[in-house]
Amino acid sequence: MNILITRHDKIGDFITSLPLFYVVKKSNPHAKIYALVSKVNLELAQQADFIDEVILYDKDNFWLTLKNIRAANISISISAFIDTKIGWMLLLSGIKTRIAPATKLAQLFFNKTLKQRRSLVEKTEVEYNLDLAKLLDGSINLTYQVPLLKLDNKQKFRDNNQLTNQKIVLFHPGYGGSSDGNLTLEGYLKLAKVIRNLPNIQVVWVFGPDDLDAKDKIKGLIPDTDIIYHPSTLLDYCFLIRDSELLISTSTGPMHLAGALNIKTVSFFGNNLFASSKRWATVSETNKQLNIEIDKDYQQDLLKKIIDSAIQKLN
Numbered sequence: 024m025n026i027l028i029t030r031h032d033k034i035g036d037f038i039t040s041l042p043l044f045y046v047v048k049k050s051n052p053h054a055k056i057y058a059l060v061s062k063v064n065l066e067l068a069q070q071a072d073f074i075d076e077v078i079l080y081d082k083d084n085f086w087l088t089l090k091n092i093r094a095a096n097i098s099i100s101i102s103a104f105i106d107t108k109i110g111w112m113l114l115l116s117g118i119k120t121r122i123a124p125a126t127k128l129a130q131l132f133f134n135k136t137l138k139q140r141r142s143l144v145e146k147t148e149v150e151y152n153l154d155l156a157k158l159l160d161g162s163i164n165l166t167y168q169v170p171l172l173k174l175d176n177k178q179k180f181r182d183n184n185q186l187t188n189q190k191i192v193l194f195h196p197g198y199g200g201s202s203d204g205n206l207t208l209e210g211y212l213k214l215a216k217v218i219r220n221l222p223n224i225q226v227v228w229v230f231g232p233d234d235l236d237a238k239d240k241i242k243g244l245i246p247d248t249d250i251i252y253h254p255s256t257l258l259d260y261c262f263l264i265r266d267s268e269l270l271i272s273t274s275t276g277p278m279h280l281a282g283a284l285n286i287k288t289v290s291f292f293g294n295n296l297f298a299s300s301k302r303w304a305t306v307s308e309t310n311k312q313l314n315i316e317i318d319k320d321y322q323q324d325l326l327k328k329i330i331d332s333a334i335q336k337l338n
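So the number in my numbering is just where the residue sits in the sequence shown, counting from 1, plus 23.
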């Protein structure tokens with residue numbers, strides 16, 4: 024039996040679906056589990072040992088993607104996120120059982136749906152995704168083990184920067200991402216000043232392609248002992264996170280990468296229900312997470328609490 028699980032949007036969205044892949048594979052060890060993912064998640068999906076094959080969702084080539092799905096001879100599909108395009112694609116591919124949330128007009132393309140009302144935020148995104156597995160098997164075990172991603176032992180970043188025993192603390196300000204809540208640049212700088220003065224700590228600032236303005240601003244405001252790093256690939260970012268003690272960031276993709284690797288996180292969320300950690304907490308053990316809702320006009324006493332809590336995470 025070949026089972027296709029689809030999540031064709033952003034990094035964090037895909038990572039919140041990894042537990043779904045895990046439990047489906049665990050309950051169907053002889054099945055071949057396919058993942059349909061966007062380009063940004065292609066290499067990442069190939070690292071999961073509970074995913075057997077990965078198909079690229081080419082947003083610019085509907086017919087090529089459809090051809091590749093058909094070639095896989097899929098019996099069942101489970102879609103954690105749907106739109107009309109993915110609905111058409113899976114219907115035309117000839118998949119007999121197509122599982123999805125009962126949402127939007129796109130649900131009409133699926134023949135087994137679950138009404139979830141995710142906008143009510145009664146569960147995390149991880150839990151909503153896992154619930155879809157019950158339409159495949161009502162008695163399925165929904166527990167999963169962490170870390171969900173286990174990478175080869177590459178320590179290129181440590182070797183290149185001659186870091187041996189130092190604890191790496193990553194800062195990802197992430198102003199180009201999708202989070203509604205974040206520290207100001209000044210807040211990150213104050214937090215980093217305290218962290219770098221702790222014993223045996225190496226502060227590393229990490230920036231994605233959407234964060235170049237913040238990178239340029241920070242360059243002149245930090246000491247030479249700090250490292251600025253721009254990963255060339257998503258896997259390079261994963262290797263860096265895997266070798267780190269703590270990631271401090273807004274609640275976008277890097278936070279979820281750290282969650283998949285079960286690395287400690289201090290994460291900032293928007294102060295509204297839909298953007299909160301109640302919906303978007305990551306997949307790591309809860310004791311590895313410090314999730315903080317932040318208003319745009321947060322006060323300095325909150326920053327002090329964040330600093331104290333971050334120090335506790337490092338102890």
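The beta-carbon is built from N, C-alpha and C at its ideal position, and this holds for glycine as well.
Here the structure is a predicted model, which is why all the values come from computation and not from measurement.
Measure the Cβ-Cβ separation of residue i and residue j and say whether it is below 8 Å.
i: Phe-292; j: Ser-274; result: yes
i: Pro-277; j: Tyr-260; result: yes
i: Gly-197; j: Asp-234; result: yes
i: Leu-165; j: Ala-71; result: no
i: Val-217; j: Ile-330; result: yes
i: Leu-128; j: Leu-158; result: no
i: Asn-206; j: Arg-265; result: The residue you asked about is not Asn; residue 206 is Leu in the sequence shown. Going by C-beta atoms, Leu-206 is not nearer than 8 Å to Arg-265.
i: Ser-142; j: Thr-29; result: no
Just reading off the beta strand (DSSP E) that residue i is part of, what are its end residues?
i: Pro-124; result: 120-124
i: Thr-88; result: Unbroken run through Thr-88 is the alpha helix (DSSP H), 85-94; no beta strand (DSSP E).
i: Thr-136; result: 135-137
i: Val-63; result: Here Val-63 belongs to no beta strand (DSSP E), and DSSP marks it neither H nor E.
Taking DSSP's pairing of strands, which residues face residue i in a bridge?
i: Ala-7; result: Here the chain covers residues 24 to 338 and nothing more, so residue 7 does not appear.
i: Asn-314; result: Ser-290
i: Ser-116; result: None; Ser-116 has no bridge partner.
i: Ser-100; result: Leu-27 and Arg-121
Starting from residue i, trace the alpha helix (DSSP H) both ways and give me its first and last residue.
i: Ile-330; result: 323-337
i: Val-227; result: Careful: Val-227 lies outside any alpha helix (DSSP H), inside the beta strand (DSSP E) at 224-229.
i: Gly-35; result: 34-38
i: Ala-237; result: 235-242
i: Phe-132; result: Run containing Phe-132: none; DSSP gives neither H nor E here.
i: Val-46; result: 41-50
Taking 8 Å as the threshold (beta carbon to beta carbon), is residue i in contact with chain B?
i: Ser-100; result: Among the chains in the structure shown there is no chain B, since it carries only a single protein chain.
At which residue ranges does the stretch 245-309 contain complete beta strand (DSSP E) runs of 3 or more residues, listed in the order of the chain?
250-252, 269-273 and 287-293
When you compare the stretch 60-73 with the stretch 142-149, are there three or more beta-carbon pairs, one atom per stretch, that lie closer than 8 Å?
no
Every unbroken beta strand (DSSP E) inside the stretch 149-221 [3 residues or more]
190-195
Is the stretch 180-194 touching the stretch 217-226, taking contact as three or more C-beta pairs under 8 Å?
yes
Please determine if the stretch 75-95 and the stretch 113-125 are in contact, where contact requires at least 3 C-beta pairs separated by less than 8 Å.
yes
Determine, using beta-carbon pairs with one atom in the stretch 316-326 and one in the stretch 75-86, whether at least three such pairs fall under 8 Å.
no
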